[in-house]
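**Q**
Residue numbers (the numbering used here), protein chains in the order written: chain A, 41 to 326; chain B, 2 to 311.
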């Protein structure tokens, strides 16, 4: 029993970092552009399918295949930002609806391109690490390490570099930041594109662990938004923590409760947190 | 005056005998009920509820399951469906509004509850038959003066039955919106804090709007299930919500006529041109995005402002 519990907790942590990378994108976009990009899950799907195509069909090595995947997601993100999101800045409801519309377009396009048949990518890294009684596939550890590293690097970049300071200044007071010489239009587009690139990266790693379906994005964006709310919107470390908490809740919850409802346990947890601590676990008090 | 606008609809079946076109009208009427009621909470009260498709789907399931398990008529089965919808709406609404969830947070939490409802229906296999859905074989009966009890079957019966339901919905909505309640809704939409300062019990009116909208959606869902003769968990999906939102936005969110026009356009057009499911999803998404960016007032709203300008 303990073995199962430990195993499921570790699984939850790894899935949780995938939620976390989407949550990071959600938090960044919300802080800088004032909208929630619900289509982030679709950019994740784009990253995942491009990785699958390059690795399995073309035969590139995985560390090479990952870059075009990120580039593809970011390019789609740039197009979406310039054509659509540019016009919905700071209009939460419109941004939400535009991104929902984008979901159905991208998902339908993916269905036409790749059909509903799930795609399984070949092993990138086989073998497992044994920790006492529990064994974890090596690839899962690599995914966890890469995602956590990217999130900490983002955090470091935002707290140390000039663009990070500009972003913080902008999220605190857009007009003052503008007066201090922050090119707000470039900053906003950069953040939207960066968040889609993050999602594409998450998708590339997702492809190494699970099978791909065109509808995967819808589930992941819900989890990402939940994780962002759980950690507190605006908190970067909170989004990682929120993702991990959500992942562990679901994984452990499905040991003791019916597994078919695993998507529900996290939701109930989020609703409870939101009601008693509306700014999330790590967010600033309102 | 406005009642005269219904006259063309009443005489349509006299000229059009094609089952195909009548069926588009019936679908449009039923979905227009959902769209008009969604506009009550979204367009008039300013709260983006993502629970609408859940109310639609829950009622579709409850009505048809009650009718088939207990062998009762459509009308009797409608009661538990509406009762359950009202109860769920009151619970979810109380939670959301009591904790002052606004805009994005309200949308996400109602979406969460909507997903919960879908998961319950999806996984309650022995009653709901999971993803496969169920056939609904019953048909509703109505009493018509002179003709006695009539079974609603076939195109003409359904045409007038769904038209009557739509007229009922529009009547309820316009009565509510014309009264002080509608003005309270508008006050909440325009500035919730100010409305509260002026002594409007915003909690009560938001809850009323949410419950009324969901109840009317429940009627629409029950009709939909009995007309198509089929229920499936996709009725509660986000895509269903998206369809309803698109109808409201395309038609315009500032009027009652808008969502009806939107329902007709989005139900009729894809049927007129043969389209695959994927192409239809792309069309819906594209229409949604285009209306938000190009015609933020919707078609009816834009026409109305042109007329005012002229």
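Idealized CB from N, CA, C, for every residue including glycine.
1) Hey, out of B:35, B:22, B:12, B:15, whose CA is closest to residue 258 of chain B's CA?
2) First and last residue of the beta strand (DSSP E) that includes residue 171 of chain A?
3) Which of helix, strand or coil does DSSP assign to residue 144 of chain B?
4) Identify the residues that DSSP records as bridge partners of residue 152 of chain B: which are they?
5) Taking contact to mean 3 or more Cβ pairs, one atom from each stretch, closer than 8 Å, check whether the segment 241 to 257 of chain B and the segment 59 to 72 of chain B are in contact.
6) Under 7 Å between the Cβ atoms of residue 5 of chain A and residue 288 of chain A?
7) Let me know the secondary structure DSSP gives residue 211 of chain A once reduced to three states.
8) Would you tell me roughly how many angstroms separate the C-alpha atoms of residue 232 of chain B and residue 274 of chain A, rounded to the nearest one?
9) Would you mind sorting residue 194 of chain A into buried or exposed? The rule is 16 or more other CB atoms within 10 Å of its CB.
10) So, using beta-carbon positions, are residue 106 of chain A and residue 240 of chain A closer together than 7 Å?
11) Using CA atoms only, rank isn't needed, just tell me which of B:50, B:255, B:60, B:161 is closest to residue 113 of chain B.
12) Going by Cα to Cα distance, which pick from A:311, A:104, A:138, A:227 is closest to residue 111 of chain B?
13) Return helix, strand or coil for residue 168 of chain B, following the three-state DSSP convention.
14) Rounded to a whole number of angstroms, what is the C-alpha to C-alpha distance between residue 288 of chain B and residue 304 of chain B?
15) Hey, would you say residue 327 of chain A sits closer than 7 Å to residue 283 of chain A, going by beta carbons?
16) Are the C-beta atoms of residue 134 of chain A and some chain B residue less than 7 Å apart?
17) Put residue 319 of chain A into one of helix, strand or coil per three-state DSSP.
18) Bridge partners for residue 175 of chain A per DSSP, in chain order?
19) Check the Cβ of residue 285 of chain B against every Cβ in chain D and list those closer than 7 Å, keeping chain order.
20) Return the residue from the list B:302, B:228, B:153, B:92 that minimises the CA-CA distance to residue 215 of chain B.
21) For residue 232 of chain B, list the residues DSSP reports as bridge partners.
22) Tell me whether residue 53 of chain B is buried or exposed, calling it buried when 16 or more other Cβ atoms sit within 10 Å of its Cβ.
23) In the DSSP output, which residue or residues are listed as bridge partners for residue 159 of chain A?
24) Report the option in A:151, A:71, A:248, A:77 whose CA atom is closest to the CA atom of residue 279 of chain B.
25) Between residue 161 of chain A and residue 96 of chain A, is the Cβ-Cβ spacing less than 7 Å?
26) By the DSSP assignment, the alpha helix (DSSP H) with residue 244 of chain B in it spans what residues?
27) I'd like to know whether the C-beta of residue 56 of chain B is nearer than 7 Å to at least one C-beta of chain A.
28) Residues in its own chain within less than 6 Å of residue 302 of chain A by CB, not counting five upstream and five downstream?
29) Can you list, in chain order, the residues of the segment 113 to 133 of chain B whose Cβ is nearer than 7 Å to any Cβ on chain A?
30) I'd like to know if the segment 68 to 82 of chain B and the segment 132 to 139 of chain B are in contact, where contact means that at least 3 CB-CB pairs between them fall below 8 Å.
31) Fully enclosed by the segment 74 to 110 of chain B, which alpha helix (DSSP H) runs are 4 residues long or longer?
32) Quick check: the segment 195 to 212 of chain B against the segment 17 to 30 of chain B, are there 3 or more CB pairs under 8 Å?
33) Name the chain A residues that come within less than 7 Å of residue 62 of chain B, Cβ to Cβ?
34) Applying the criterion that 16 or more other CB atoms from any shown protein chain within 10 Å of the CB defines a buried residue, is residue 189 of chain A buried or exposed?
35) How would you label residue 245 of chain A, buried or exposed, when you count the other beta carbons within 10 angstroms and need 16 or more for buried?
36) Residue 176 of chain A: which of A:54, A:300, A:67 sits nearest, CA to CA?
**A** Reading it off the structure:
1) Just measuring C-alpha positions, the residue of B:35, B:22, B:12, B:15 sitting nearest residue 258 of chain B is B:35.
2) From DSSP, the beta strand (DSSP E) with residue 171 of chain A extends over 168 to 171.
3) DSSP, read as helix, strand or coil, puts residue 144 of chain B in strand.
4) For residue 152 of chain B, which the question treats as bridged, DSSP gives the partners B:142.
5) Contact between the segment 241 to 257 of chain B and the segment 59 to 72 of chain B is absent, because fewer than three Cβ pairs lie under 8 Å.
6) In the structure displayed, chain A extends from 41 to 326; residue 5 of chain A sits before or after that span and is not available.
7) Helix at residue 211 of chain A.
8) Approximately 41 Å, taken between the alpha carbons.
9) Its Cβ being crowded by 16 or more others within 10 Å, residue 194 of chain A is buried.
10) No, the Cβ-Cβ distance between residue 106 of chain A and residue 240 of chain A is not below 7 Å.
11) For residue 113 of chain B, the closest C-alpha among the options B:50, B:255, B:60, B:161 is that of B:50.
12) Checking every option, the nearest Cα to that of residue 111 of chain B belongs to A:311.
13) Three-state DSSP puts residue 168 of chain B in a helix.
14) One C-alpha to the other measures close to 17 Å.
15) Nothing about residue 327 of chain A can be reported from this structure: the residues present for chain A run from 41 to 326 only.
16) By this cut-off, residue 134 of chain A is an interface position.
17) Of the three classes helix, strand and coil, the one that applies to residue 319 of chain A here is coil, per DSSP.
18) Answer is A:170, bridged to residue 175 of chain A.
19) No chain D appears in this structure, whose protein chains are A and B.
20) Between residue 215 of chain B and the set B:302, B:228, B:153, B:92, the nearest pair of CA atoms involves B:92.
21) The partner list for residue 232 of chain B (beta bridge, DSSP) reads B:135.
22) Counting of Cβ neighbours within 10 angstroms places residue 53 of chain B among the buried residues, the total reaching 16 or more.
23) According to DSSP, which records beta bridges pairwise, residue 159 of chain A is partnered with A:252.
24) Closest in alpha carbon position to residue 279 of chain B, among A:151, A:71, A:248, A:77, is A:151.
25) Pairing residue 161 of chain A with residue 96 of chain A gives a Cβ-Cβ distance under 7 Å.
26) That run of the alpha helix (DSSP H) goes 239 to 252.
27) No, residue 56 of chain B lies away from the interface with chain A (no Cβ there is under 7 Å from its Cβ).
28) So the qualifying residues of the chain are 290, 294.
29) Hits within the stretch, in order: 113, 116, 117, 120, 124.
30) Yes, they touch.
31) Segments of the alpha helix (DSSP H) lying fully in the segment 74 to 110 of chain B: 75 to 99.
32) Contact between the segment 195 to 212 of chain B and the segment 17 to 30 of chain B is absent, because fewer than three Cβ pairs lie under 8 Å.
33) Here the premise fails: no neighbours, minimum Cβ distance about 17 Å.
34) Counting of Cβ neighbours within 10 angstroms places residue 189 of chain A among the exposed residues, the total staying below 16.
35) The residue is buried, with at least 16 neighbouring Cβ atoms inside 10 Å.
36) Measuring from the Cα of residue 176 of chain A, the nearest candidate turns out to be A:54.
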